[in-house]
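*Asks:*
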Amino acid sequence: MEQNIYIKNKKAYFEYHILDKYTAGIQLLGTEIKSIREGKANVNDAFCTFIDNQLYVRNLHISEYSMGSFYNHEAKRDRVLLLNKKELKKLHTRGEEKGLTIVPLALFISDRGFAKLEIGLAQGKKTFDKRETMKERDTKIEMDRAMKR
287 MEQNIYIKNK KAYFEYHILD KYTAGIQLLG TEIKSIREGK ANVNDAFCTF IDNQLYVRNL
347 HISEYSMGSF YNHEAKRDRV LLLNKKELKK LHTRGEEKGL TIVPLALFIS DRGFAKLEIG
407 LAQGKKTFDK RETMKERDTK IEMDRAMKR
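First residue of the sequence shown: 287, per the numbering used here; consecutive thereafter.
(1) For ILE312, count neighbouring Cβ atoms within 10 angstroms of its own Cβ and tell me buried if that reaches 16, exposed if not.
(2) Quick check: the region 336–349 against the region 412–432, are there 3 or more CB pairs under 8 Å?
(3) For LYS375 and SER349, what's the separation of their Cα atoms in angstroms?
(4) For MET287, which residues from the same chain have a beta carbon less than 7 Å from its beta carbon, with the 5 sequence-adjacent residues on both sides left out?
(5) Check HIS303 in the structure and name its three-state DSSP category.
(6) Taking contact to mean 3 or more Cβ pairs, one atom from each stretch, closer than 8 Å, check whether the region 399–414 and the region 353–364 are in contact.
(7) Can you tell me which residues form a DSSP beta bridge with ILE348?
(8) Can you list, in chain order, the residues of its chain whose CB lies under 6 Å from that of TYR299, leaving out five sequence neighbours each side?
(9) With a threshold of 8 Å on Cβ separation, who are the neighbours of LEU368 within its own chain once the five nearest residues in sequence on each side are excluded?
(10) According to DSSP, LYS402 sits in a beta bridge with which residue or residues?
(11) Within this structure, are the beta carbons of LEU341 and PRO390 separated by less than 8 Å?
(12) Of the residues LYS320, LEU305, TYR302 and PHE414, which one's Cα is nearest the Cα of ILE291?
(13) With distances taken Cα to Cα, identify the nearest neighbour of ALA401 among ILE388, LEU315, GLU301 and LYS307.
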């Protein structure tokens, strides 16, 4: 029954230059972790923000648990991210700089069975940077095809 759940935010890597990466725990309800273990989560529209010196992830869509009763959770509620004080302070000061934001990169289950969210301090890409990323991806695909022949 060994499953590797790794839900990646491909849009973040296309839209942003990732400067730093952090791994944060998430404060979840029981039905939320069960849905994540089924792979029913979407990280694409999510973003992180500070509210009262705590880091929250917003718009992280975790589908309702299929076997849940009236104790089921809301799909898009705000969830607290768990980091130590040093990391929170660093992210708070760097996140206030102009042009920098905190984006979720991936949602996964750790070896111990806890849900973790990989977040990154990111800077937005310009249009020409996005075109460059698409060119690099296309050349990589072409090289892989040539190597298979």
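Glycine included, C-beta positions come from ideal geometry on N, C-alpha and C.
Here the structure is a predicted model, which means the values were calculated and not measured.
*Replies:* Working from what's here:
(1) Counting from 1 along the sequence shown, the entry for residue 312 is found at position 26. The residue is buried, with at least 16 neighbouring Cβ atoms inside 10 Å.
(2) no
(3) Taking the first residue of the sequence shown as 1, we reach residue 375 at position 89. Taking the first residue of the sequence shown as 1, we reach residue 349 at position 63. Rounded to whole angstroms, LYS375 to SER349 spans 31 Å at the Cα level.
(4) Residue mapping note: residue 287 aligns to position 1 of the sequence shown, counting from 1. Caution applies to MET287, whose pLDDT of 42 falls short of 50 and renders its modelled position unreliable; the value that the coordinates give is listed next. Cβ neighbours of MET287 beyond the five flanking positions: none.
(5) Counting from 1 along the sequence shown, the entry for residue 303 is found at position 17. Strand at HIS303.
(6) no
(7) Taking the first residue of the sequence shown as 1, we reach residue 348 at position 62. Its beta-bridge partners are ALA327.
(8) If you number the sequence shown from 1, residue 299 lands on position 13. No residues qualify anywhere along the chain.
(9) Along the sequence shown, one-based indexing puts residue 368 at 82. So the list reads ALA310, GLY311, ILE312 and GLN313, once near-sequence residues are dropped.
(10) Taking the first residue of the sequence shown as position 1, residue 402 is located at position 116. DSSP output for LYS402 lists GLY311 and PHE394 as bridge partner(s).
(11) One-based indexing of the sequence shown puts residue 341 at position 55. One-based indexing of the sequence shown puts residue 390 at position 104. Contact: no.
(12) As a first step, residue 291 is located in the sequence shown; it is residue number 5 there, counting from the start. For the residues LYS320, LEU305, TYR302 and PHE414, the minimum Cα distance to ILE291 belongs to LYS320.
(13) Taking the first residue of the sequence shown as 1, we reach residue 401 at position 115. With distances taken between Cα atoms, ALA401 lies closest to LEU315.
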